[in-house]
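Below is one structure; the comments refer to it alone.
There are 2 protein chains.
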Amino acid sequence: MGTPLPRDPIADARLNWERHGWADVAAPMAAITAIMRTQQILLARIEGALKPFGLTFARYELLALLSFARSGALPMNKASALLQVHPTSVTNAVDRLQDAGLVVRSRHPTDGRTTLIELTAEGRTLAKRATAVLNSEVFGQSGFDGQDVDQLIRILGTFRRNAGDFTG
Amino acid sequence: MGTPLPRDPIADARLNWERHGWADVAAPMAAITAIMRTQQILLARIEGALKPFGLTFARYELLALLSFARSGALPMNKASALLQVHPTSVTNAVDRLQDAGLVVRSRHPTDGRTTLIELTAEGRTLAKRATAVLNSEVFGQSGFDGQDVDQLIRILGTFRRNAGDFTG
DNA sequence: TCCAAACCCTTGGATGTCCTAGTATATTGC
DNA sequence: GCAATATACTAGGACATCCAAGGGTTTGGA
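If you read the sequences in order, they're chains W and E.
FYI, the numbering for the first sequence is 0 to 167, going by numbering that gives the first Met the number 0.
FYI, the numbering for the second sequence is 0 to 167, going by numbering that gives the first Met the number 0.
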């Protein structure tokens with residue numbers, strides 16, 4: 000977004016919280032704000048890596064999910080549940096992926112309410128190439144050291160479980 | 000978005016990565032995906048807490064920032080830099096806050112290019128009340144224990160510094 | 001002095017997310 | 001068997017974010 004700031008704005012916010020008598024929640028406020036900002040940075044990196052493929056992160060996630068399904072097809076409601084996004088967001092992503100020729104909609108054989116999303120050959124190829132780039136340009140250069148990665152997975156895994164994402 | 004899943008979808012994605020020969024980046028992939036999902040959960044909680052005030056998180060952040068400025072006013076480009084969002088996002092937020100009577104635009108005394116955003120009395124009051132609710136309903140019940148909060152602040156602080164957010 | 005480069009904000013366009021219906025299809029219960 | 005309820009997807013609307021481009025203001029070098 001521009002030049003680095005001379006001071007950490009989140010650390011400053013934390014000081015402001017402490018000065019205003021909210022010291023008891025200043026630390027979690029800072030942690031949560033840092034998560035919001037980190038997500039923003041990571042999303043920008045991911046979108047940048049995917050741009051050459053004409054993909055956004057939302058569309059890539061759907062492609063990747065389909066590429067791991069044995070049949071290369073999933074019901075939309077299943078995709079919505081696994082990606083943990085609103086059904087309308089899946090509809091939106093499928094519309095665009097279908098326009099790009101990367102997936103096709105098909106009817107469910109036994110349930111007339113359900114629509115299946117199926118990867119095309121082109122979609123499968125693109126998913127593979129996009130994943131390779133993400134792995135090398137983003138995940139392979141995350142900037143987190145090994146121990147911190149483990150800490151994040153543990154801390155955020157507990158959080159997500161407590162938030163009701165999954166029971167396992 | 001509905002019922003909890005029987006398995007952690009991010010742990011499954013990690014297994015898929017390992018099975019496909021990308022074991023070297025499977026852990027950071029999982030950590031980054033977990034950050035994306037955690038941000039989504041936290042944002043939903045925050046938006047829920049702010050809804051009764053007619054505020055979104057973006058608008059709240061701007062109100063809070065102004066409330067900590069001594070004069071209660073800031074140039075738009077300064078707000079953009081401190082909140083680390085695009086200038087157009089600030090324009091958008093100010094438009095809506097101004098319509099709601101919570102801030103006003105005014106001309107900079109010496110630089111004709113610059114627009115100042117100033118908190119109204121109503122805006123200052125609302126910021127205070129909204130902060131109280133966020134503190135008690137979100138930050139005070141984050142679900143992170145004290146040590147994990149410290150870990151997050153440390154890990155994400157390092158990340159943000161390396162990403163060029165600040166130099167301090 | 002004066003014009004080009006830099007800076008500031010806004011408008012318009014593309015995306016994505018959620019919410020609130022609304023339509024169609026399944027399932028359940030009486 | 002049929003009506004009531006549940007489920008699946010989509011359409012339309014509100015917001016937020018970014019990028020690209022445009023018009024006004026300042027600054028700085030020739």
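We put the beta carbon where it would ideally sit given N, CA and C, even for glycine.
Keep in mind that this is a model prediction, so the values were computed, not measured.
Item to check | E/R186 versus E/T166 - alpha carbon distance | outcome: Past the boundaries of the shown model lies residue 186 of chain E; chain E is included only from 0 to 167, so the question cannot be answered.
Next on the checklist: Using a Cβ-Cβ distance cut-off of 8 Å, determine whether E/F52 contacts chain W.
Outcome noted: Indexing the second sequence from 1 puts residue 52 of chain E at position 53. Chain W contact via Cβ: absent.
Next on the checklist: Counting only Cβ pairs nearer than 7 Å, list the residues of chain W close to E/T37.
Outcome noted: The residue you call residue 37 of chain E lines up with position 38 of the second sequence. In chain order: I34, L155, F158, R159.
Next on the checklist: Strictly below 7 Å CB to CB, what residues from chain E border W/R6?
Outcome noted: For this step, residue 6 of chain W is matched to residue 7 along the first sequence. Residues of chain E passing the Cβ test: F165, G167.
Checklist entry - E/A26 CB to nearest chain W CB: under 8 Å? => result Here residue 26 of chain E refers to the residue found at position 27 of the second sequence. The Cβ of E/A26 sits closer than 8 Å to at least one Cβ of chain W.
Checklist entry - With 8 Å set as the bound, which would you pick, yes or no: does the beta-carbon of E/I40 sit closer than that to a beta-carbon of chain W? => result Position 41 of the second sequence, counted from the start, is the residue given in the question as residue 40 of chain E. E/I40 counts as touching chain W.
Item to check | chain W contact residues for E/V148, given Cβ-Cβ distances below 7 Å | outcome: For the purposes of this step, residue 148 of chain E is taken as the residue at position 149 of the second sequence. When 7 Å is used as the limit between beta carbons, E/V148 is near these residues of chain W: A26, P27, A30, in chain order.
Checklist entry - Are there 16 or more other CB atoms within 10 angstroms of the CB of W/P27, so buried, or fewer, so exposed? => result Numbered from 1 along the first sequence, position 28 holds the residue referred to as residue 27 of chain W. With 16 or more other Cβ atoms within 10 Å, it is buried.
Item to check | 4-residue-minimum alpha helix (DSSP H) runs that sit fully inside the segment 92-145 of chain W, ordered along the chain | outcome: DSSP runs (the alpha helix (DSSP H)) wholly in the segment 92-145 of chain W: 120-136.
Checklist entry - Between W/P5 and E/G156, what straight-line distance do the alpha-carbon atoms span, to the nearest angstrom? => result Reading the first sequence from its first residue, position 6 is the one you call residue 5 of chain W. Reading the second sequence from its first residue, position 157 is the one you call residue 156 of chain E. Answer to the nearest angstrom: the Cα atoms are 14 Å apart.
Next on the checklist: I'd like to know if W/S141 contacts chain E, where contact means its C-beta is closer than 8 Å to some C-beta of that chain.
Outcome noted: Counting from one through the first sequence, the residue named residue 141 of chain W turns up at place 142. So, interface residue.
Checklist entry - Should the segment 141-158 of chain E be called in touch with the segment 137-151 of chain W, which here means at least 3 C-beta pairs below 8 Å? => result Touching, yes.
Checklist entry - Is any beta-carbon of chain E found at less than 8 Å from that of W/P74? => result Taking the first residue of the first sequence as 1, we reach residue 74 of chain W at position 75. No, W/P74 lies away from the interface with chain E (no Cβ there is under 8 Å from its Cβ).
Checklist entry - Nearest chain E C-beta to W/N91 closer than 8 Å, yes or no? => result For the purposes of this step, residue 91 of chain W is taken as residue 92 along the first sequence, with counting starting at 1. Not one chain E Cβ lies under 8 Å of W/N91.
Next on the checklist: What does DSSP give as the partner residue(s) for W/P74 in the beta ladder?
Outcome noted: On the first sequence, position 75 is the one that residue 74 of chain W refers to. DSSP lists W/L115 as partners of W/P74.
Item to check | Within the segment 2-49 of chain E, ranges of the beta strand (DSSP E) (whole runs, at least 3 residues) | outcome: Listed in chain order, there is nothing to give.
Checklist entry - Which word fits E/T124, buried or exposed, when buried means at least 16 other C-beta atoms lie within 10 angstroms of its C-beta? => result Working through the second sequence from its first residue, we reach residue 124 of chain E at position 125. With fewer than 16 Cβ atoms within 10 Å of its Cβ, E/T124 is classed as exposed.
Checklist entry - Is it true that the CB of E/V93 sits closer than 8 Å to the CB of E/R104? => result As a first step, residue 104 of chain E is located in the second sequence; it is residue number 105 there, counting from the start. As a first step, residue 93 of chain E is located in the second sequence; it is residue number 94 there, counting from the start. With respect to E/V93, E/R104 sits close: the two C-beta atoms are nearer than 8 Å.
Next on the checklist: Whole angstroms are fine: how far does the CA of E/A63 sit from the CA of E/F52?
Outcome noted: In the second sequence, the residue the question calls residue 52 of chain E occupies position 53. In the second sequence, the residue the question calls residue 63 of chain E occupies position 64. The straight-line gap from Cα to Cα measures roughly 14 Å.
Checklist entry - What residues from chain E crowd round W/A48, counting only those whose CB sits closer than 7 Å? => result Working through the first sequence from its first residue, we reach residue 48 of chain W at position 49. Contact annotation for W/A48 against chain E: no contact, minimum CB-CB distance about 12 Å [criterion: below 7 Å].
Next on the checklist: Is it buried or exposed, W/S135, if we count other Cβ atoms within 10 angstroms and call 16 or more buried?
Outcome noted: On the first sequence, residue 135 of chain W is found 136 positions in, with the first residue counted as 1. Exposed is the call here.
Next on the checklist: For W/T32 and W/I9, which I take to be in contact (beta-carbon distance under 8 Å), what is that distance rounded to the nearest angstrom?
Outcome noted: In the first sequence, counting from the first residue as 1, residue 32 of chain W sits at position 33. In the first sequence, counting from the first residue as 1, residue 9 of chain W sits at position 10. The C-beta distance from W/T32 to W/I9 rounds to 5 Å, short enough to fall under 8 Å.
Item to check | Min CB distance E/L118 to chain W below 8 Å | outcome: Position 119 of the second sequence holds residue 118 of chain E. E/L118 does not count as touching chain W.
Item to check | DSSP beta-bridge partners of W/F165 | outcome: Stepping through the first sequence from its first residue, residue 165 of chain W is reached at position 166. Under DSSP, W/F165 takes part in a beta bridge, and its partners are E/L4.
Checklist entry - On the three-pair Cβ rule with 8 Å, is the segment 60-75 of chain W touching the segment 110-123 of chain W? => result Yes: the two stretches touch, three or more of their Cβ pairs being nearer than 8 Å.
Item to check | Reference E/T130, options E/S66, E/Q146, E/S141, closest by Cα | outcome: For this step, residue 130 of chain E is matched to residue 131 along the second sequence. Nearest C-alpha to E/T130: E/S66.
Checklist entry - In three-state DSSP terms, what is W/V148? => result Reading the first sequence from its first residue, position 149 is the one you call residue 148 of chain W. Three-state result, W/V148: helix.
Checklist entry - So, does the CB of E/A78 fall closer than 8 Å to a CB anywhere in chain W? => result Here residue 78 of chain E refers to the residue found at position 79 of the second sequence. For E/A78, the answer is no, since every Cβ of chain W falls outside 8 Å of its Cβ.
Checklist entry - Taking Cβ positions only, does W/G71 come closer than 8 Å to chain E? => result Within the first sequence, the letter at position 72 stands for residue 71 of chain W. No, no contact with chain E.
Next on the checklist: I'd like to know whether the C-beta of W/L151 is nearer than 8 Å to at least one C-beta of chain E.
Outcome noted: Residue mapping note: residue 151 of chain W aligns to position 152 of the first sequence, counting from 1. Interface residue, yes.
Checklist entry - For the candidate residues E/L96, E/T114, E/N161, whose alpha-carbon lies nearest to that of E/T55? => result Along the second sequence, read from residue 1 onward, the residue named residue 55 of chain E stands at position 56. The option with the nearest alpha carbon to E/T55 is E/L96.
Checklist entry - Cα-Cα, which of E/K77, E/I34, E/V102 is closest to E/Y59? => result Reading the second sequence from its first residue, position 60 is the one you call residue 59 of chain E. Of the listed residues, the one whose Cα sits closest to E/Y59 is E/V102.
Checklist entry - In whole angstroms, what separates the C-alpha of W/E117 from that of W/R128? => result Within the first sequence, the letter at position 118 stands for residue 117 of chain W. Within the first sequence, the letter at position 129 stands for residue 128 of chain W. Straight-line spacing of the CA atoms in W/E117 and W/R128 works out to 18 Å.
Checklist entry - When we look at the beta-carbon of W/R13 and count the other beta-carbons within 10 Å, is it buried (16 or more) or exposed? => result The residue labelled residue 13 of chain W in the question sits at position 14 within the first sequence. Its Cβ being crowded by 16 or more others within 10 Å, W/R13 is buried.
Checklist entry - The alpha helix (DSSP H) with E/F67 in it runs from where to where? => result Taking the second sequence and counting its residues from 1, the one referred to as residue 67 of chain E is at position 68. DSSP places E/F67 inside the alpha helix (DSSP H), whose first and last residues are 56-67.
Next on the checklist: Is it buried or exposed, E/R159, if we count other Cβ atoms within 10 angstroms and call 16 or more buried?
Outcome noted: The residue given as residue 159 of chain E occupies position 160 in the second sequence. A buried status is given to E/R159, since no fewer than 16 other beta-carbon atoms sit within 10 Å of its beta-carbon.
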